[in-house]
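*Asks:* The listed protein sequences correspond, in order, to chains D and W.
At position 318 of the first sequence the residue is numbered 318 (the numbering used here), and the sequence of numbers has no breaks.
Each position in the second sequence, counted from 1, maps to that position plus 1000 in the numbering used here.
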Amino acid sequence: MVQHVVHPKRQFLFIAFGGILLLLLPLVLNDHLMTVAITGFMWAYLCVCWNLVFGFAGQFSLGHMLFWGVGAYTSTVLFINFGITPWIGIFVGGLVAAGFAFLISIIILRYRIKGVYFALMTLAFAEVVLGLAMNWDYIRGPAGILLLLKNSPANMFFIERYPYYYIMLGLLVMGLWITFLIKKKKIGYYLIALREDEEAAEVSGVPTSRYKILIMVISAFMTALAGTFYAQFFLYISPEIMFGFGSQMTMLIGTMVGGAGTLAGPVLGSLVFSFLGELLRSLPIVHSREIVTAERMVWSLILILVIFYLPGGLITWIGKIKNRFKRSQIIMKKEV
Amino acid sequence: MGKMKKRTNAGLTLLIALCIGFNFMGSLAAKAQAANEVVVAALLPLTGTVASWGIRNDRGMRYVFDMINAQGGVKSLGGAKIKYAVSDTESKPEVAQSQAEKVVSGDISCVFGCNQSPATLVVSQVTERKKVALICVSDFDPLITERGFQYMFRTTPIMKDLAKTVLVFAQAMNKANGTNFKKVGVLCEDSIVGDSAAKALEKYTKDIGYTLIDVVKYNASTTKDLTGVLSRYKAQGVELIVGHNKPADAIQIVRNCKEIDYNPVMIGGVSGGWVAAEFLKNLGSLAEGISIASTETPDVKIGKFAELKKEYETKYSEEMPSTFVGGASGAWLLYRALERCASKDPKVIAQTLRTLEVKYGDGYYFQQFGCKFDEKGDNQNASATVFQVQAGVKHNVFPPEYATQKPVWPKPKFK
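1. Among the residues of its own chain, which have a CB less than 7 angstroms from the CB of residue 317 (chain D), if the five just before and after it don't count?
2. Residue 14 (chain D) by DSSP, collapsed to three states: which one?
3. Thinking C-alpha only, which one of W:1283, W:1392, W:1260 and W:1292 is nearest residue 1234 (chain W)?
4. Check whether chain W comes within 8 angstroms of residue 214 (chain D), counting only Cβ atoms and requiring the distance to be less than that.
5. Counting Cβ pairs closer than 8 angstroms, one from the stretch 1093-1100 of chain W and one from the stretch 1169-1180 of chain W, do we hit at least three?
6. From the DSSP output, which residues share a beta bridge with residue 1084 (chain W)?
7. Mind reading off the beta-carbon distance from residue 1288 (chain W) to residue 1264 (chain W)? Whole number of angstroms is fine, and I expect it under 8 angstroms.
8. Within the 8 angstroms Cβ cut-off, does residue 227 (chain D) reach chain W?
9. Quick check on DSSP: helix, strand or coil for residue 1033 (chain W)?
10. Name the chain W residues that come within less than 7 angstroms of residue 204 (chain D), Cβ to Cβ?
11. Going by beta-carbon coordinates alone, are residue 265 (chain D) and residue 315 (chain D) separated by less than 8 angstroms?
12. Residue 947 (chain W) CB to nearest chain D CB: under 8 angstroms?
13. With contact counted as at least three CB pairs below 8 angstroms, one residue from each stretch, are the stretch 141-156 of chain D and the stretch 1141-1150 of chain W in contact?
14. If we cut at 8 angstroms on Cβ distances, does residue 39 (chain D) have a partner in chain W?
15. Mind listing, in chain order, the continuous alpha helix (DSSP H) runs of no fewer than 4 residues lying wholly within the stretch 77-129 of chain D?
16. Enumerate in chain order the residues of its own chain whose CB-to-CB distance from residue 3 (chain D) is below 6 angstroms, with the five nearest sequence positions on each side excluded.
17. Quick one: which chain D residues come within Cβ less than 9 angstroms of residue 1101 (chain W)?
18. Return helix, strand or coil for residue 246 (chain D), following the three-state DSSP convention.
19. Judging by CA-CA distance, which residue of D:224, D:231, D:19 and D:137 is the nearest neighbour of residue 92 (chain D)?
20. Residue 136 (chain D) and residue 242 (chain D): beta carbons closer than 8 angstroms?
21. Mind checking who residue 1293 (chain W) pairs with in its DSSP beta bridge?
22. Could you give the DSSP three-state label for residue 1185 (chain W): helix, strand or coil?
23. Alpha carbon to alpha carbon, how far is residue 1050 (chain W) from residue 46 (chain D)?
24. Could you give the DSSP three-state label for residue 1395 (chain W): helix, strand or coil?
25. Please report whether the beta-carbon of residue 324 (chain D) lies at a distance below 8 angstroms from any beta-carbon of chain W.
26. Jot down the residue ranges of each uninterrupted alpha helix (DSSP H) in the stretch 1278-1355 of chain W, minimum 4 residues, whole runs only, in chain order.
27. Assuming residue 1086 (chain W) contacts residue 1044 (chain W) (C-beta within less than 8 angstroms), just tell me the rounded distance between them.
28. Going residue by residue through the stretch 1111-1164 of chain W, where are the continuous beta strand (DSSP E) segments of at least 3 residues, counting only ones entirely within it?
29. What are the boundary residues of the alpha helix (DSSP H) that residue 1211 (chain W) is part of?
30. How should residue 1079 (chain W) be labelled, buried or exposed, when 16 other C-beta atoms within 10 angstroms of its C-beta is the threshold for buried?
31. Just to confirm, are residue 1363 (chain W) and residue 1057 (chain W) a CB contact at a threshold of 8 angstroms?
32. From the DSSP output, which residues share a beta bridge with residue 1379 (chain W)?
33. Note down, in chain order, every chain W residue with its Cβ under 8 angstroms from the Cβ of residue 296 (chain D).
34. Counting only beta-carbon separations shorter than 8 angstroms, does residue 99 (chain D) have a partner in chain W?
35. Which residue marks the beginning of the alpha helix (DSSP H) containing residue 218 (chain D), and which one marks its end?
36. So the alpha helix (DSSP H) residue 25 (chain D) belongs to, where does it begin and stop?
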């Protein structure tokens, strides 16, 4: 058996090249493509956040939009009503969301809620907050909050798109870095043990409850940061957008299609959906409802195919191709 | 190392190809401008929760632009054709923003959108930055025109105007018939527009001097039955039920009233689902005597309205909705602006729109009562009318100058 080890220098060069490319990308992108890239990175980041809870710890949360919305509303309310810059608000939002995650986790653990009931419980919490937000005049109920279009870097408002691009790219890199660290450290092994067999993990001495809470809190904090970013970028938030189920679906599909429990899988899945969706929209054909419906059908088909043939996500497919390529290289070397 | 270089090159080539592909649409738009065409884009929800409105809006614009092109295009621009393209916002504001960035990156003359207030709020920031006029023909959220934007134009009346109209109608009916029904129950969905409607209905109920029994806002996505609220209103003696609701909810309200044998003096719908094509289709005779405040004038005798209505109903086998009328009116307004300014420049078009006046019934402009924008970009001539369903047909009943039938008061009991 031939063992193939990725050359660290090659890996470093690949990452460095990718990094430089991403840093220089705004030079060639117009506003529209910048928005596509920013939105794509945002969804990818959210998938990375959700992946921590589902992919690593096996906790099927359906209420992550709650943390996203809490982040957005906290920083926005702090800015509008108290003049606190969103640069600070973003972290306050993260802390508030982490607090919510802690409370929810405590309640869930107290009543030993697991599996499908865990999913339903998290969804129920998000629905409760949606209902409250819809009827709370302090945050302008369903009308939502509109931020004014202006250039004020001190308050995270930019007329140009590129500052948003770098902020979102930074968040995504940070999300991946945290995931990488978690994966490599003791916490990662504990979480995987928890995901694979909770009882066995407990018997082996893994403090499962503590790690469930910890990963939920970390994930919620990170998710909330994207909420603030959404508010600052789109300049409009409403309960329906922030606490509605749509964002949760995007996190779920991106992660599942890309590959849950992996580092790059959620990013891959999410970007495939974002960029190919945009590419389809850009086809030089007359846009009609039928075409749009056909697009949706294509997406659904991709999802079904991935679930059937690549249960580990697209990332496993890339892995297979990579392995095949390496094998052919080795054979070629032997022949030579 | 050589192989890695090859892979790197391949990746770079793919990226450049993608960028070229994405920019292809922009260059197409530029070519269209060069070929004596005026490029106009609409950002509408063709899929998603509010798709039914966007689709009808699109039909209206497409109809008028096709008509103009068939009749020789924009004469002041040497017969330039109007190249109209619609992009789907998927009923999502973030997609709307992305689509807006795309359309304004080309040589665009004007944008229409978005038949969904949150999407319009987001898109207007893009068009404002690019100094391209955004014409909104169907969104009611007051915030849309309250930001001091120079390139935002709204032709439709806002929710408070519609809410006021339905209550003023009740007041006029009380006066004309010597009745004194004044116990009002408000029942609205909890959307942005529903919330605006509830607040306006509450305000005008008090201003007119009626008795407000309660204001109920329900979750439109989870509430499937309104018997509970309606039973309470029946017990509290509510005489006038008013609200803004989605199509399914408007239908449900009427059905629930029938089920609990509750016959209020007036069921007053405020646009939204009450004017949807499916409302009358689903309810049939149950819709008799229901009063609806709308931008729609079902049988007004003005200009080519009757001809347009007949054509629409033959083609699509449904009633001509206000969203279609809005689309057609917006398209006609732009045509008038183009004829007047003789320019494809978006700034010149926006400047022209600021001073343009289009009369009610001029060409295909059927949003009452004509259009003239104020300094905020709202249509100062915009107003609502009330129509009633009588013998299965919608008739204008208020204000009297546009009434085609005498209003029924009180609403007949359910059979």
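We treat Cβ as the ideally placed atom computed from N, Cα and C, and that holds for glycine.
*Replies:* This is what the structure holds:
1. 310
2. helix
3. W:1260
4. Chain W contact via Cβ: absent.
5. In this structure the stretch 1093-1100 of chain W does not lie against the stretch 1169-1180 of chain W, because fewer than three pairs of beta carbons, one per stretch, are closer than 8 angstroms.
6. W:1040
7. Going by Cβ atoms, the distance from residue 1288 (chain W) to residue 1264 (chain W) rounds to 13 angstroms, so no, they are not a contact pair.
8. no
9. Here the model assigns residue 1033 (chain W) a pLDDT of 49, short of 50, so the residue's position is not dependable, and the following value carries that caveat. Residue 1033 (chain W) falls in the helix class under three-state DSSP.
10. Within 7 angstroms Cβ-Cβ: nothing; residue 204 (chain D) doesn't reach chain W, min ~42 angstroms.
11. yes
12. The requested residue 947 (chain W) is not part of the displayed model; chain W covers only 1001 to 1415.
13. Cβ pair count under 8 angstroms is three or more, so yes.
14. At least one chain W Cβ lies under 8 angstroms of residue 39 (chain D).
15. 86-110
16. Residue placement at residue 3 (chain D) is flagged as unreliable, the pLDDT there being 45, under the threshold of 50; the coordinate-derived value follows with that caveat. Excluding positions up to five away in sequence, the list is empty.
17. 30, 31, 32, 33, 34, 35, 36 and 161
18. helix
19. Comparing Cα-Cα distances from residue 92 (chain D) to each of D:224, D:231, D:19 and D:137, the minimum goes to D:224.
20. no
21. W:1270 and W:1386
22. strand
23. 26 angstroms
24. Of the three classes helix, strand and coil, the one that applies to residue 1395 (chain W) here is strand, per DSSP.
25. no
26. 1305-1316, 1322-1341 and 1346-1355
27. 6 angstroms
28. 1134-1136 and 1152-1154
29. Note, residue 1211 (chain W): premise wrong, no alpha helix (DSSP H); beta strand (DSSP E) at 1211-1218.
30. exposed
31. no
32. W:1373
33. Those within 8 angstroms of residue 296 (chain D) in chain W are 1047.
34. With respect to chain W, the C-beta atom of residue 99 (chain D) has no partner C-beta closer than 8 angstroms.
35. 208-234
36. That residue, residue 25 (chain D), is in no alpha helix (DSSP H); it is neither H nor E in DSSP.
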